[in-house]
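Mind the numbering: the sequence shown is residues 139 to 1376 in my numbering, read in order.
Single-structure report; data block below.
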Amino acid sequence: MVKFTDNQQKAIAHNGHNILVSASAGSGKTAVLVQRVIEEIQTIDVDQLLIVTFTRAAAQEMKERIQRAIQNRISALQVKPKLSATDKAQLHHDRRQLNRLNLANISTIHAFCEQVIHRFYYLINMDPEFSILEDSTQGTLFKQNVFADLREDYYNADDLTFFKLTENFSNDRDDQGLEDMIFNVYDYMRAFADPSAWLASLPEQYRNQHNILDNAAFKTTILPQLTSALNTLTTTCQQAQLQFAQLGLDKQAQLIEQVSTNIAAIQAALAARNYQDLRTHLQFFGKKITWPRYKKIEAEVEPDGRHLSQQIDVQVAEITELVGSYFILSEDQLRDINDQCQQLLTKFVEVMTSFSENYQELKRQRNLIDFSDLEHFAYDILNYQDDQGQQPAREFYQHKFSEVLIDEYQDINPLQESLLGLVAKTTPGNRFMVGDIKQSIYGFRMADPTLFAHKYATYGDDAKDSDERIVLAENFRSQQTITDFVNYIFAQLMDQQLGDISYDQNAYLRFGASYYPADQSPVEVLLTTSASEDTSKDLAKTDDGQQFDVSPAILTLAQRIAAMVKNQEKIYDNETGEQRPITYGDIAVLVSTRHANLDIIDTFKKAAIPVIVNDTQNYFQTTELRIMLALLELIDNPDQDIPLVAVLRSPIVGLDENELGFIRGNDSQKNQSFYECLQQVNAAQSIDLEVCTPDFLEKIDRFLTSLESYRDMARANQLADLIWSIYNTTGFLDYVSGMPSGPQRSANLQALYDRAKQYEANGFKGVFQFVRFIQQMQANDKDLGQPNVTEENLDAVQVMTIHKSKGLEFPVVFVFDLEHQFNTDASRQKFALNQQLGLGLDYLTDQRVLIPTVQKKLIQAVNHQMDLAEELRLLYVALTRAQQRLLLVADLRDATRSQNSPEAVMDRWADLASDSGLHLPLAAKLKAKSFLDFIGPALIRGQKEGVFADHYVGGLFDDLPHQVSAKFVKPTALAPSTPADTEIQTPPNQVIELSPSFTQLIQRRFNQPYPNLAATKTTAYQSVSDIKRQFDDPDLDTLAPLNLENGPQASSVAQLNEPEFLKDTSHISATQLGTATHLIFQKVDLTQPLTLDSLKDTVQQLIAQGLLTQPLSQRLDLPGILSFFNTDLGEKICQHPQNFYREVTFSMVYPANQLFDEIDANDPGNVLIHGMIDGYYRSDNELILVDYKTDHADNQTITTRYQGQLNLYALALANICQQKVSHKYLYALHSQELIPLK
């Protein structure tokens, strides 16, 4: 039985109010959540709980854990020798919970929203029959179509403000910029409960007040920041002036007095609310303070003096940054820009509103909703209020759920928070929220960690509080060296300002994995460097002078992994309770992005290190997918040179560069497209044999013919059919399957086909649009195919992104590529978004000067701090994945740029960490451009020994013990290697003589005949039409076996094209006519009197349904059909239509050795035979088989032709009905006769 800690037990047992569980990494939060559910369903039903997770996999795992726990409880009761009345009641209740588990509300929030909609759709007049638009790329295409129409309307209306809006956000090449902004803002605001209200508020951020300092940006944010910075600097200056005076540094003290005077002037301008005076006085801080030089006699006090001046410089730099961002423009300039931007944003809100409405209408027409719609519709339903003020949906769920449990609460967005707040009770609260704000890493999905942070700060620690906070700090995953290292790093880095939580005693990881041995390895920090002056990443030198074309950090990574395995470094095995050597499968390499994965794969391959890259990008799209996309582009428009040359050079055509040059020809053709040149060469039928291969003309003629065929097919067929036809006719799918990484390549092409089917299923048409769709997927970094081509238990190193690793754990973790710079693409956009501050934009003047607005600069500064906080949390996730070994790898060459030496790196880190406090200064952290910029300054101050010993700060980390082994590494070149278990053997020089007996054995083995060779000449699946001649003899036991050399060898693959008899052609074949006749026999209503008129009505109904064409219907022999029902059998059928069965398919197994004479009589193999019986009549004493024939032949010929087929049908029918067939008939429409058979 699991023994829970005190705080875990609180999280399991406490109830009656809202509870927030802050569960640190490895603290067993899932086990606690499951146990809480198990405890609660001892007295209530499991479907009275709402349990929300953020992934389907997590929901399924939760449900399975609960199921196992219930089953274990049932088993524990069942083994008791005697059950008390209480035990019996509990057993009955537990069995009930097991049965009701499928009804339990354990799901993602989107699945719950879908359930709400299906139950209460009528409250908002919504159609409940909808499909979910899961593919974001298809959603983007819909958006593009909607906005294209909307933009055209505005252009046609000559809306000058719209022209200005478009110009402001686009460039001089196209108007894509406004479209991108529209889509970004739409997706952003859909995360809010009331996106329309947020959108409508945007122009207000630019409204000019009577006093410019009362404008929203200044009043709410900029001035409070400036006031705080000035107050801090004032205090520092007062203290520094006194200390300078005590040190005898009078010039420094006088300079401080000057600084204080300027501060006072600024504060006076602030108090007077005068922007121009404030701007003028702030210019004092437009540059750095120039400190007096120290004299020789001041050498003893110089270090103290410099420390004081550095403190002031840091604070002055903060004010200087505020001045440069917000006080550059004059008041008149600010007012003019605000007025212009307010006008633009008013138009933007109008356009955005129209776009949103049109997009929603398009989805409504197609009965499509996306994930955001699920949340909004559910929110609207829960918020719905009837005329009596009742909220039926909200009241239903509040009554239904006794508790709302939310997993991974740190990843919730504002809309989801509002939605779940409507489901939960309020007095008292019944929400149980579990998560870890330190692992909130999904800001790009609009997760809002401040929702968690607010509750963490306001909830109390006592169960008597109305809202309770419980902290699970014990880490049961990692060895103590790892938990100590995490605490040591993040105690310096994470606080309320950067990370939304103070990394204090409550946030520290507490070592709880006491089962590990006492002897534990330190955390390793491997910093690769190079003595070479060449600091490019693409070329470096090893110690022996050789060059390698990958990052030395990757070499360091590979060599350290290889050494771990080769040296049999030990880890603890939890299952055996003993130490064992590290294997490749124990190791995970975590990266922030996937840009280096190709180099990692290549280097590991050379080092003979098996590797699995679980979430690599689709690296093969540059070959097979690009070729297919190029071909599709040609099918849409062949006059495109680059796609045409790509296809001609590809394996599909197979021309070389000389032949491509020959096609292009001389200068006279330079104004022609490559396609025109190709057509001319094909028409001329003349080649240069010194340049072209003999089959050159055949290749280009075949290609042009195929291209024209594909273009015809594209106009008349489904896109998916076109793609599959290309695969079949070119053999391209088979070709790529045989290439290196064939399964991945093949899966990519299969995914392209699947995408085409999905694309058309959602109402899109056309090759051009599909190519655009795929290009959009690539632009959005979407992979077409990611097959799992590796074995789950393969002994290989796993490489994955940190995001992908969340929730996982590994014995050995390498956090790699620490020097890789953070993504700053958002800072280069012409707009910036923030929930509280709105939309900041760049304003394009009439002189085409782009001016960032104060609002945009403010939002960028706030967002930059939020982004860095998320990067810090991402680093926390990476470090806490490790169980027993943690290694950090970085390339200092990328980190240092021009400063290449390790000494320069350490000096820079020491400067950033110069503050005497435990927490690194915010200004230093805000300069971070990579994980290494976080770790370096935090690492350098706390190492008594090793490479950082000169920068050690004593006493600062007495309460934060840590073991770190940091070293600078210069990797050596990879030696040619083979897998560890393979030794290179030198082939023998002498000829080895084989003995006669061994030679005979080899000959006997190679010449041994295959005993079942005959079976390879046919298939195990046969149609009646293939083998019907073998059943001509009614005595099936004396069946004449088929000769496989001339008989059926394989059944063809059915092509699901339009039925031949439906094709409207001038010539109607006998097969078409026969199929149509059978259709009439199948569809005629036997419960009504049959006449020629009733048959004609049946024909018209089939034409209306699209099952028959008009020309074909005119060729039908309706009198012949009617004549069948006038026969004795036909009259019997009309009298008892319920006994007549039509168009009955069957499959039967038949011994192969009785069917084929070359199959050995002792071979037990069977053949599966399939077919369709036209009709049979069955009563208690009769089983009559009938088949209709439209052949224009005499009765004897028809009998001879189809005797075997009817014999086979009879055999199958007898097996189906377990009744002997009494009569067999052929009905010949040509003679209108019913022909009895033997």
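Ideal Cβ positions, reconstructed from N, Cα and C, are used throughout, including at glycine.
Bridge-paired residues (DSSP) for arginine 1023: The residue labelled residue 1023 in the question sits at position 885 within the sequence shown. DSSP output for arginine 1023 lists Val950 as bridge partner(s).
Endpoints, beta strand (DSSP E) assigned at valine 184: In the sequence shown, the residue the question calls residue 184 occupies position 46. Premise fails: valine 184 is in no beta strand (DSSP E) and is neither H nor E.
Valine 1015: first and last residue of the uninterrupted alpha helix (DSSP H) it sits in: As a position in the sequence shown, residue 1015 is number 877, starting the count at 1. Per DSSP, valine 1015 belongs to the alpha helix (DSSP H) from 992-1017.
Extent of the continuous alpha helix (DSSP H) run through glutamine 717: Your numbering for residue 717 matches position 579 in the sequence shown. Careful: glutamine 717 lies outside any alpha helix (DSSP H), inside the beta strand (DSSP E) at 716-719.
Beta-carbon gap between arginine 1019 and serine 943 smaller than 7 Å: Numbered from 1 along the sequence shown, position 881 holds the residue referred to as residue 1019. Numbered from 1 along the sequence shown, position 805 holds the residue referred to as residue 943. Cβ atoms of arginine 1019 and serine 943: closer than 7 Å.
Cβ neighbours of alanine 651 in the same chain (closer than 6 Å, five flanking residues each side left out): Counting from one through the sequence shown, the residue named residue 651 turns up at place 513. So the qualifying residues of the chain are Phe614.
Per DSSP, the bridge partner or partners of isoleucine 838: Residue 838 sits at position 700 when you count from the first residue of the sequence shown. Per DSSP, none; premise fails for isoleucine 838.
Close Cβ partners of aspartate 1318 (< 6 Å) along its chain, the five nearest in sequence each way excluded: Locating residue 1318 in the sequence shown gives position 1180, where the first residue counts as 1. Contacts found: none.
The stretch 1073-1086 touching the stretch 626-634, judged by at least three CB pairs closer than 8 Å: yes
N- and C-terminal bounds of the beta strand (DSSP E) containing asparagine 1304: The count along the sequence shown starts at 1 and reaches residue 1304 at position 1166. Looking at the DSSP string, the run of the beta strand (DSSP E) that includes asparagine 1304 is 1304-1316.
Counted within 10 angstroms of its Cβ, other Cβ atoms place tyrosine 1363 as buried (16 or more) or exposed: On the sequence shown, position 1225 is the one that residue 1363 refers to. When all chains shown are included, tyrosine 1363 counts as buried.
Neighbourhood of methionine 319 by C-beta distance below 7 Å, restricted to the same chain and skipping five residues each side: Working through the sequence shown from its first residue, we reach residue 319 at position 181. For methionine 319, where only same-chain residues beyond five positions count, the Cβ hits under 7 Å are Phe307 and Phe969.
Euclidean distance between Cα positions of asparagine 496 and glutamine 276: Working through the sequence shown from its first residue, we reach residue 496 at position 358. Working through the sequence shown from its first residue, we reach residue 276 at position 138. Approximately 16 Å between the Cα atoms of the pair.
8 Å Cβ shell around glutamine 1357 - same chain, five flanking residues per side excluded: Translated into positions along the sequence shown, residue 1357 becomes position 1219. Hits under 8 Å: Arg1316 and Leu1321.
Lysine 679 - DSSP class collapsed to helix/strand/coil: Counted from its first residue, the sequence shown places residue 679 at position 541. In this prediction, lysine 679 has a pLDDT of 44, which is less than 50 and means its spatial position is unreliable; nothing more can be read from the coordinates.
7 Å Cβ shell around isoleucine 244 - same chain, five flanking residues per side excluded: Counting from one through the sequence shown, the residue named residue 244 turns up at place 106. Excluding positions up to five away in sequence, the list reads Ile189, Ala197, Met200 and Lys201.
Straight-line Cα distance separating valine 1027 from alanine 378: By one-based count along the sequence shown, residue 378 stands at place 240. By one-based count along the sequence shown, residue 1027 stands at place 889. Roughly 41 Å between the two C-alpha positions.
Proximity winner among Val1102, Phe1095 and Asp1071, relative to phenylalanine 1086 (alpha-carbon distances): The residue given as residue 1086 occupies position 948 in the sequence shown. Measuring from the Cα of phenylalanine 1086, the nearest candidate turns out to be Val1102.
Candidates Val1282, Leu770, Gln1226 and Tyr1326: closest to histidine 1308 by CA position: Against the sequence shown, residue 1308 aligns to sequence position 1170. Closest by alpha carbon: Val1282.
Short Cβ contact (7 Å threshold) for glutamine 823 with proline 1109: By 1-based counting over the sequence shown, the position of residue 823 is 685. By 1-based counting over the sequence shown, the position of residue 1109 is 971. Contact flag unset, no.
Counted within 10 angstroms of its Cβ, other Cβ atoms place alanine 1192 as buried (16 or more) or exposed: For the purposes of this step, residue 1192 is taken as residue 1054 along the sequence shown, with counting starting at 1. In this predicted model, alanine 1192 has a pLDDT of only 38, less than 50, meaning its place in the structure is not dependable; the value taken from the coordinates is given anyway. It is exposed - the Cβ of alanine 1192 has fewer than 16 other Cβ atoms within 10 Å.
Element boundaries [beta strand (DSSP E), containing threonine 1283]: Along the sequence shown, read from residue 1 onward, the residue named residue 1283 stands at position 1145. Threonine 1283 -> beta strand (DSSP E) spans 1278-1289.
Rounded C-alpha distance that separates proline 832 from isoleucine 864: Residue 832 sits at position 694 when you count from the first residue of the sequence shown. Residue 864 sits at position 726 when you count from the first residue of the sequence shown. Their backbone Cα atoms lie some 25 Å apart in a straight line.
Straight-line Cα distance separating arginine 1046 from methionine 327: Your numbering for residue 327 matches position 189 in the sequence shown. Your numbering for residue 1046 matches position 908 in the sequence shown. Straight-line Cα distance between these residues: approximately 41 Å.
Option in Asp839, Gly799, Glu814 and Phe812 with minimal Cα separation from cysteine 830: As a working mapping, residue 830 is identified with position 692 in the sequence shown. Residue Gly799 is the option with its Cα nearest to cysteine 830.
Cβ neighbours of threonine 1124 in the same chain (closer than 8 Å, five flanking residues each side left out): Walking along the sequence shown from the start, residue 1124 turns up at place 986. Because the pLDDT at threonine 1124 is just 40, under 50, the model does not fix this residue reliably, and the value given afterwards should be weighed accordingly. Once the five neighbours on either side are set aside, threonine 1124 has no close Cβ partner at all.
Backbone secondary structure at phenylalanine 280 - three-state DSSP: As a first step, residue 280 must be located in the sequence shown, where it is residue number 142. Helix at phenylalanine 280.
Straight-line Cα distance separating isoleucine 1241 from leucine 1211: As a working note, residue 1211 is residue 1073 in the sequence shown. As a working note, residue 1241 is residue 1103 in the sequence shown. In a straight line, the C-alpha of leucine 1211 is about 15 Å away from that of isoleucine 1241.
Sequence-distant residues of its chain with Cβ nearer than 8 Å to phenylalanine 1106 (five each side left out): Position 968 of the sequence shown, counted from the start, is the residue given in the question as residue 1106. Correct list, in chain order: Leu665, Thr666, Thr667, Leu1030, Pro1040 and Val1085.
Of the listed residues Gly976, Asp1325, Gln907 and Ile801, nearest to histidine 1361 (C-alpha basis): Against the sequence shown, residue 1361 aligns to sequence position 1223. The shortest Cα separation from histidine 1361 among Gly976, Asp1325, Gln907 and Ile801 belongs to Asp1325.
For leucine 982: DSSP bridge partner residues: Indexing the sequence shown from 1 puts residue 982 at position 844. Leucine 982 is bridged to Leu988.
Sequence-distant residues of its chain with Cβ nearer than 8 Å to isoleucine 780 (five each side left out): Residue mapping note: residue 780 aligns to position 642 of the sequence shown, counting from 1. Once the five neighbours on either side are set aside, the close Cβ partners of isoleucine 780 are Ala768.
DSSP bridge partner residues for methionine 938 (one or two, in chain order): The residue labelled residue 938 in the question sits at position 800 within the sequence shown. Leu728.
Given arginine 910 as reference, the closest of Asn283, Asp312 and Asn809 once Cα atoms are compared: Taking the first residue of the sequence shown as 1, we reach residue 910 at position 772. Considering only alpha carbons, the answer is Asn283.
Endpoints, beta strand (DSSP E) assigned at alanine 970: As a first step, residue 970 must be located in the sequence shown, where it is residue number 832. Alanine 970 -> beta strand (DSSP E) spans 969-972.
The ligand COA heavy atom lying under 6 Å from the CB of valine 783: For the structure depicted, the ligand COA is absent and the ligand set is empty, with no information on it obtainable.
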